[in-house]
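K.L.:
For reference, the structure I am asking about is given below.
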């Protein structure tokens, strides 16, 4: 029996599948990349189930969408979190991970996942979606062109790693109130 | 009377000051920039008070730190939100806004605000802090060098605006489960 592909928000019991997809995506983007995620950490940091108006645990920051193919096989993953624009005083969505199982590429599944994220963005009143992509990932960039994502070349991305955070944090020269 | 500068998390009654600082920062970065934020929208989208373990309203996404000078004048603002890394299954922090009142520059206040954000990042177990900066903002880039933020040049930043979100969201070719 085949039908439309199905997209749903991830549940607690999906963490094994999610970790498998995260590892496969990392290996494809950056072979040998260090993936320190574990099932336990995903279980404690992802927010499961669809967005609601109920208060959220402050430690669950990201949401995962899973796509099941028209023959009901797990075929894709998208992870996003909400971000914020002060200029608009409004939320946005940041795409953190997008993966489609190789056998299911050229089915439009990546685009469906992006569209599902756009539905989530619209429902939450988001004024933008943004994300980063490796400059040498031509295939991904070509796909992102199709969903009309614009490359913003006027910004530098800046990053402080966990060592840098520690160095900065120990140096208090002010009072906390 | 003078003492150490004071940093605290913003409160609901600070929105007038926060909006003033956001507008001043925007005007300095990009003269004529459209700032659609209002006091009402800031009041309903910022999370006020220090982070706790209590559940959060899902619509309050960002936190603001305010710095008061050693003579107790409002002198700086930093806005951040939590982001997420799937590879680490751990949170990060994104710097969304940093502003120091011109009269109070060269006092190390910008660095104190970044350090206060690093304290928040460490308390929340964050594995990174990241943000974007206009490539032609030499002054800001020079300051970010001092806090040892690395420029990540291997990524393109991609963005879909609210029009693009709408176009993507109306095009459902899957079932939601």
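Chains as they are written, first to last, in the UniProt record's numbering: chain A, 1 to 177; chain B, 1 to 177. Even for Gly, the Cβ is constructed at its ideal location relative to N, Cα and C. Bear in mind the structure is a predicted one, so any value in this text is a computation, not a measurement.
(1) Assuming residue 8(A) contacts residue 176(B) under a Cβ cut-off of 8 angstroms, what Cβ separation, rounded to an integer in Å, is found between them?
(2) Beta-carbon of residue 162(A) versus every beta-carbon of chain B: anything under 8 angstroms?
(3) Could you spell out the range, first to last residue, of the beta strand (DSSP E) harbouring residue 65(B)?
(4) Following the continuous beta strand (DSSP E) through residue 80(A), name the residue where it begins and the one where it ends.
(5) Between which two residues does the beta strand (DSSP E) holding residue 184(B) run?
(6) Give the single residue among 130(A), 122(A) and 70(A) whose Cα lies nearest to the Cα of residue 155(A).
(7) Just how far apart, CA to CA, sit residue 170(A) and residue 119(B)?
(8) Closest by CA to residue 146(A), which one among 111(A), 135(A), 127(A) and 126(A)?
(9) Taking a contact to mean a Cβ-Cβ separation below 8 angstroms, would you say residue 88(A) touches residue 114(A) in this structure?
(10) By DSSP's criteria, residue 159(A) is part of a beta bridge. Which residues make up the other side?
(11) Taking CB distances under 8 angstroms as the criterion, tell me whether residue 16(B) reaches chain A.
(12) Starting from residue 104(A), find everything on chain B with Cβ-Cβ shorter than 8 angstroms and list it in chain order.
(13) Less than 7 angstroms between C-beta atoms, sequence neighbours within five positions excluded: which residues of the same chain meet that for residue 15(A)?
(14) For residue 15(A), which three-state DSSP category applies?
(15) Which stretch, first to last residue, makes up the alpha helix (DSSP H) that contains residue 8(B)?
(16) Taking beta-carbon pairs under 7 angstroms, can you tell me which members of the region 86-100 of chain B lie near chain A?
(17) Going by other Cβ atoms of all chains shown within 10 Å of its Cβ, with 16 needed for buried, is residue 95(B) buried or exposed?
(18) Can you tell me whether DSSP reads residue 141(A) as helix, strand or coil?
(19) Note down the Cα distance separating residue 79(B) from residue 45(A), rounded to an integer number of angstroms.
(20) Could you give the distance in angstroms between the alpha-carbon of residue 32(A) and the alpha-carbon of residue 33(B)?
(21) Check this for me: beta carbons of residue 58(A) and residue 56(B), under 8 angstroms apart or not?
(22) To the nearest angstrom, how far is it from the Cα of residue 37(B) to the Cα of residue 172(A)?
(23) Listing by chain order, which chain A residues have their CB less than 9 angstroms from the CB of residue 143(B)?
(24) Going by alpha carbons, who is nearest to residue 160(A) out of 74(B), 152(B), 157(B) and 81(B)?
(25) Which whole runs of the alpha helix (DSSP H) in the region 29-60 of chain B are 4 residues long or more, in chain order?
P.N.:
With the structure as the only source:
(1) 7 angstroms
(2) yes
(3) 62-68
(4) 74-85
(5) Lying outside 1 to 177, the shown extent of chain B, residue 184(B) is not represented and no answer is given.
(6) 130(A)
(7) 8 angstroms
(8) 111(A)
(9) no
(10) 130(B) and 150(B)
(11) no
(12) Result: empty, since nearest Cβ-Cβ is about 13 angstroms, beyond 8 angstroms.
(13) 39, 42 and 43
(14) helix
(15) From DSSP, residue 8(B) is part of no alpha helix (DSSP H) but of the beta strand (DSSP E) over 6-9.
(16) 86, 87, 88, 89, 90, 91, 94, 96 and 97
(17) buried
(18) helix
(19) 22 angstroms
(20) 43 angstroms
(21) yes
(22) 32 angstroms
(23) Neighbours of residue 143(B) on chain A: none; closest Cβ ~11 angstroms, over 9 angstroms.
(24) 152(B)
(25) 39-45
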